[in-house]
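J.:
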Amino acid sequence: MNSCLTILRRLKFSALLMLLTLPALAVDLRPFDAGSLAKIRQAHAGRPFILAFWSIHCAPCKTELAILKSIQRKYPKFPIVLVAADDPAAKAAVIRYLEKEKVEPMETWAYADEFEERVRYSVDPQWQGELPRSYFFDAAHRLTAHSGIIDPAWVETWMSEQNSAERK
Amino acid sequence: MIKLLPLAIALAALSAIATSTSTAADHSGHKMSGMARSGQAELGATALFDAKGVLWAAHKDTGHIVVSYSADLGKSWSTPIRVTPEPEETDTGGEARPKIAFGPGGEIYVTWTRKMTTPYSGEIRFARSLDGGQTFLAPLTVHHNRDDITHRFDVMAINRKGQLFISWIDKRDGIAATKAQASYRGAAVYFAVSDDQGATFRGDFKLADYSCECCRIALAVGIDDTVVAMWRHVFAPNIRDHAIAVLHSDGTAGEVRRATYDDWKLDGCPHHGPSLADDSQGRIHAVWFTQGEKNQGSYYGRLRDGGVELQRHIGGQASAHPDLAIIGQRVAVAWTEFDGERSRLRAMVSENAGESWQEHDLATTTSLSDQPRVLTKDNRFYVFWNTRNEPRSLTPIP
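Listed in order, the protein sequences are those of chains A and B.
Count along the first sequence from 1, add 906, and you get the number used in the working numbering.
Count along the second sequence from 1, add 140, and you get the number used in the working numbering.
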């Protein structure tokens, strides 16, 4: 009986704790540094995924985000990894933006290393920082890079190729 | 329950720590609005030699826009002189940095972009010193439009009559078009002119519609009372090559002409603006960055109507953020190349107005670094480079 009460109390406490910390947990913003892409690729080993870089300071990224959201709605299980290429000091603003945009279930990351060039180089030495920048990894992790807003029709074709490849 | 409260406070405190790297000087808190700053955001700096050969830098220090001076070619620097009365959030990293210029009577002018409330909004601020940099008068906002929108990437030039030109990227027309459900490419370039050493500004004069939203503008002093501007434009439908136009002190502007022809089709932000300078024969030399269909990388070229002369790739594949300066027919270009660990500061010099070049390795850093700027003094070229490990370094080009 006592232990039951303790469990109940604990449940209450954790529920309350969740409520208290909910604003912080609404967006799970993971720290992206020079080692992160390797981990992301490992987590999606043998599977295709989209890696998309954006910034709160990039107006075209808003359009890109809307396209990614519609792709995600159509393919809810397809992994889309969003990375905010913002100064780590802008983390609060990034979280506010993502909360408003409701990008779940996309994975959300943000630069955690203020040495932006180093992080960028770890992703792609050819990339000079233009945004939005997206990478389409197929199941073998051969990648197609794209600068600027993605063409939804192109993405649709690419997605269907990945899906048919997965079914084989 | 009792145990929970401290935990909640601890969590709140943790998140406060996570989003703040404030220093002791930030505590006045004005305009900081809880946002933290980091190294890269603080590194944006420019420098210029005054008529006596003293090097002056505009940069950020403990939340303030400040100037510092060095009488020994950057070996030692004065204590920073505050330009902003209070610390404030500014655009001082990447493509944005405070600027410094000198008026004909030894006035010191500083411009910068103060952030406003919404993301990528800002206002162009200006302050001047009339006592040789001992004190700065209260800053003012250069433009009359006070909307909480983009007025960013300030740039400043003094024409041959001593009139002060300030230009910036402005989104008012793009926003008006969106409201009217009309299409509009990118942003606009505006400018203002002061005839009274920065006491007041006439404006806001539109230089051009359809500029890129996120790249620095370049200005050079033109003939007569003009100033020449070069910026990344958005040519229909989405070609982000460069344009050039003449600014007149009466607020009119010359025709917008295409300056570069790399065909970079991009619905995005390059964050990579040009630089330009004119030589003793009035020819315009420029450096810029592109990932166009025709060319990819950093480039130098001489701009003429309908094309580019002597266009050549600058440095290695990783070359970025080139700048240039000219002494007569001698042209110097500096840029950085990052190799995964180090940023290399490199330069190339032409003794014959861009016909042939000699390359030089100047410096390296493993720390954060700003974009380099080429300066001239006594017929010599120097590169000003603000890095975390060596703030406001000055390197002569051999």
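We treat Cβ as the ideally placed atom computed from N, Cα and C, and that holds for glycine.
All of these numbers come straight from a predicted model, not from anything done at the bench.
According to DSSP, Asp939 of chain A sits in a beta bridge with which residue or residues?
T.: Looking up residue 939 of chain A in the first sequence gives position 33. Per DSSP, none; premise fails for Asp939 of chain A.
J.: Counting only C-beta atoms, is Gly1054 of chain A closer than 7 Å to chain B at any point?
T.: The residue you call residue 1054 of chain A lines up with position 148 of the first sequence. Closer than 7 Å to some Cβ of chain B, the Cβ of Gly1054 of chain A qualifies, so yes.
J.: Is it a yes or a no for the segment 333 to 346 of chain B touching the segment 314 to 325 of chain B, going by three-plus beta-carbon pairs under 8 Å?
T.: The answer is no - the segment 314 to 325 of chain B does not touch the segment 333 to 346 of chain B, with fewer than three Cβ pairs under 8 Å.
J.: Who are the near neighbours of Ala164 of chain B in its chain, counting only those whose CB is closer than 6 Å to its CB and skipping five residues on each side?
T.: In the second sequence, counting from the first residue as 1, residue 164 of chain B sits at position 24. In this prediction, Ala164 of chain B has a pLDDT of 31, which is less than 50 and means its spatial position is unreliable; what the coordinates show is noted afterwards. Excluding sequence neighbours, Ala164 of chain B sits near nothing in its chain.
J.: Rounded to whole angstroms, what is the Cα-Cα separation between Arg936 of chain A and Ala327 of chain B?
T.: Working through the first sequence from its first residue, we reach residue 936 of chain A at position 30. Working through the second sequence from its first residue, we reach residue 327 of chain B at position 187. One C-alpha to the other measures close to 33 Å.
J.: If we call anything under 7 Å between Cβ atoms a contact, is Gly432 of chain B one with Asp403 of chain B?
T.: Against the second sequence, residue 432 of chain B aligns to sequence position 292. Against the second sequence, residue 403 of chain B aligns to sequence position 263. Yes; because the gap between Cβ atoms is below 7 Å, this pair is in contact.
J.: Closer than 7 Å by beta-carbon distance: list the chain B residues that pair up with Tyr1027 of chain A, in chain order.
T.: Locating residue 1027 of chain A in the first sequence gives position 121, counting from the first residue. Under the 7 Å cutoff, chain B gives Phe478 and Gly480.
J.: Mind listing, in chain order, the continuous alpha helix (DSSP H) runs of no fewer than 4 residues lying wholly within the segment 334 to 361 of chain B?
T.: With a minimum length of 4 residues, no continuous alpha helix (DSSP H) run stays inside the segment 334 to 361 of chain B.
J.: Taking a Cβ distance cut-off of 9 Å, strictly less, list which residues of the segment 1028 to 1052 of chain A are near chain B, in chain order.
T.: Of all residues in the segment 1028 to 1052 of chain A, Ser1028, Pro1031, Gln1032, Gln1034, Gly1035, Glu1036, Leu1037, Pro1038 and Arg1039 have a Cβ within less than 9 Å of some Cβ in chain B.
J.: Using a beta-carbon distance below 7 Å, is Leu928 of chain A in contact with chain B?
T.: As a first step, residue 928 of chain A must be located in the first sequence, where it is residue number 22. For Leu928 of chain A, the predicted model reports a pLDDT of 47, less than 50, meaning its position is unreliable; a value from the coordinates is still stated below. No, its Cβ sits nowhere closer than 7 Å to a Cβ of chain B.
J.: Mind reading off the beta-carbon distance from Ser269 of chain B to Ile248 of chain B? Whole number of angstroms is fine, and I expect it under 8 Å.
T.: Position 129 of the second sequence, counting from 1, holds the residue named residue 269 of chain B. Position 108 of the second sequence, counting from 1, holds the residue named residue 248 of chain B. About 4 Å; that satisfies the 8 Å criterion.
J.: Jot down the residue ranges of each uninterrupted beta strand (DSSP E) in the segment 249 to 280 of chain B, minimum 3 residues, whole runs only, in chain order.
T.: The qualifying runs are 262 to 269.
J.: Can you name the residues that DSSP bridges to Tyr330 of chain B?
T.: Here residue 330 of chain B refers to the residue found at position 190 when the second sequence is read from its first residue. Paired residues: B:Trp308 and B:Lys346.
J.: Between the C-alpha atoms of Gly245 of chain B and Thr251 of chain B, what's the straight-line distance to the nearest angstrom?
T.: Here the question's residue 245 of chain B lines up with position 105 in the second sequence. Here the question's residue 251 of chain B lines up with position 111 in the second sequence. Between Gly245 of chain B and Thr251 of chain B, the C-alpha separation is close to 18 Å.
J.: Give me the residue from B:Asp294, B:Ile363, B:Thr281 and B:Val368 with the minimum Cα distance to Ala339 of chain B.
T.: By 1-based counting over the second sequence, the position of residue 339 of chain B is 199. Answer by Cα proximity: B:Thr281.
J.: Using 7 Å as the threshold, is the C-beta distance between Ala460 of chain B and Val514 of chain B below it?
T.: On the second sequence, position 320 is the one that residue 460 of chain B refers to. On the second sequence, position 374 is the one that residue 514 of chain B refers to. Cβ atoms of Ala460 of chain B and Val514 of chain B: not closer than 7 Å.
J.: Is it buried or exposed, Ser496 of chain B, if we count other Cβ atoms within 10 angstroms and call 16 or more buried?
T.: The residue you call residue 496 of chain B lines up with position 356 of the second sequence. By the neighbour-count rule (16 or more Cβ atoms within 10 Å), Ser496 of chain B is not buried but exposed.
J.: Pick from B:Glu530, B:Asp288, B:Thr516 and B:Asp510: whose alpha carbon is nearest that of Ala236 of chain B?
T.: Walking along the second sequence from the start, residue 236 of chain B turns up at place 96. Nearest of B:Glu530, B:Asp288, B:Thr516 and B:Asp510 to Ala236 of chain B, Cα basis: B:Asp510.
J.: Beta-carbon separation of Pro227 of chain B and His204 of chain B under 7 Å?
T.: As a first step, residue 227 of chain B is located in the second sequence; it is residue number 87 there, counting from the start. As a first step, residue 204 of chain B is located in the second sequence; it is residue number 64 there, counting from the start. Contact flag set, yes.
J.: Counting only the same chain and skipping the five closest in sequence on each side, list residues whose C-beta sits under 6 Å from that of Ile1055 of chain A.
T.: Start at 1 with the first residue of the first sequence, and residue 1055 of chain A comes out as number 149. Here the set comprises Pro966, Thr969 and Glu970.
J.: Could you check whether the Cβ of Glu1007 of chain A sits closer than 7 Å to any Cβ belonging to chain B?
T.: Along the first sequence, read from residue 1 onward, the residue named residue 1007 of chain A stands at position 101. It does not; no Cβ of chain B falls within 7 Å.
J.: On the CB-based measure, 16 or more other CB atoms within 10 Å of its CB, does Pro377 of chain B come out buried or exposed?
T.: Translated into the one-based positions of the second sequence, residue 377 of chain B becomes position 237. By the neighbour-count rule (16 or more Cβ atoms within 10 Å), Pro377 of chain B is not buried but exposed.
J.: By the 10 Å Cβ neighbour count, where 16 or more other Cβ atoms means buried, how is His170 of chain B classified, buried or exposed?
T.: Position 30 of the second sequence holds residue 170 of chain B. With a pLDDT of 33 at His170 of chain B, under the threshold of 50, the predicted position of this residue should be treated as unreliable, though the coordinate-derived value follows. So His170 of chain B counts as exposed.
J.: Of all the CB atoms in chain D, is at least one closer than 7 Å to the CB of Ile962 of chain A?
T.: Of the chains in the structure shown, none is chain D; the protein chains are A and B.
J.: If you follow the alpha helix (DSSP H) that Ser210 of chain B is part of, which residue opens it and which one closes it?
T.: The residue you call residue 210 of chain B lines up with position 70 of the second sequence. Taken as a continuous stretch (DSSP letters only), Ser210 of chain B belongs to no alpha helix (DSSP H), being part of the beta strand (DSSP E) at His204 to Ser210.
J.: Taking 6 Å as the cut-off, does the CB of Tyr1003 of chain A come closer than this to any heavy atom belonging to the ligand FMN?
T.: Ligands are entirely absent from the displayed structure, and the ligand FMN is therefore not among its contents.
J.: Please give me, in chain order, every unbroken run of the beta strand (DSSP E) with length at least 3 that falls completely inside the segment 444 to 499 of chain B.
T.: If we require 3 residues or more, the beta strand (DSSP E) runs fully inside the segment 444 to 499 of chain B come out as 447 to 453, 459 to 467, 470 to 478 and 483 to 490.
J.: For the alpha helix (DSSP H) containing Ala999 of chain A, name the first residue and the last one.
T.: Counting from one through the first sequence, the residue named residue 999 of chain A turns up at place 93. Segment Lys997 to Glu1007, the alpha helix (DSSP H) holding Ala999 of chain A.
J.: Below 8 Å on C-beta distance, what does Ser483 of chain B contact in chain A?
T.: Start at 1 with the first residue of the second sequence, and residue 483 of chain B comes out as number 343. Under the 8 Å cutoff, chain A gives Glu1023.
J.: 7 Å is my cut-off, CB to CB: does Gly408 of chain B come that close to chain A?
T.: Translated into positions along the second sequence, residue 408 of chain B becomes position 268. Judged by the 7 Å Cβ criterion, Gly408 of chain B is in contact with chain A.
J.: Based on Cα-Cα distance, which residue from A:Leu1037, A:Ser1066 and A:Pro1058 lies nearest to His411 of chain B?
T.: If you number the second sequence from 1, residue 411 of chain B lands on position 271. Out of A:Leu1037, A:Ser1066 and A:Pro1058, A:Leu1037 has the C-alpha closest to the C-alpha of His411 of chain B.
J.: CB Tyr1041 of chain A to CB Leu974 of chain A, shorter than 7 Å?
T.: In the first sequence, residue 1041 of chain A corresponds to position 135, counting from 1. In the first sequence, residue 974 of chain A corresponds to position 68, counting from 1. Contact: no.
J.: Given a cut-off of 7 Å, decide if Asn529 of chain B and Ser507 of chain B are closer than it, judged by their beta-carbon atoms.
T.: As a first step, residue 507 of chain B is located in the second sequence; it is residue number 367 there, counting from the start. As a first step, residue 529 of chain B is located in the second sequence; it is residue number 389 there, counting from the start. The answer is yes: Cβ separation under 7 Å.
J.: Please report the residue range of the beta strand (DSSP E) in which Lys200 of chain B lies.
T.: Counting from one through the second sequence, the residue named residue 200 of chain B turns up at place 60. Taken as a continuous stretch (DSSP letters only), the beta strand (DSSP E) holding Lys200 of chain B covers Leu195 to Asp201.
J.: Leaving out five residues before and five after Ala493 of chain B in sequence, what residues of the same chain have Cβ atoms less than 6 Å from its Cβ?
T.: One-based indexing of the second sequence puts residue 493 of chain B at position 353. These residues qualify, in order along the chain: Asp419 and Gln469.
J.: If distances are taken between C-alpha atoms only, which option among A:Val1029, A:Pro1031, A:Ala1059 and A:Phe959 comes closest to Glu1123 of chain A?
T.: Examination of residue 1123 of chain A is not possible in this model, given that chain A is present from 907 through 1074 alone.
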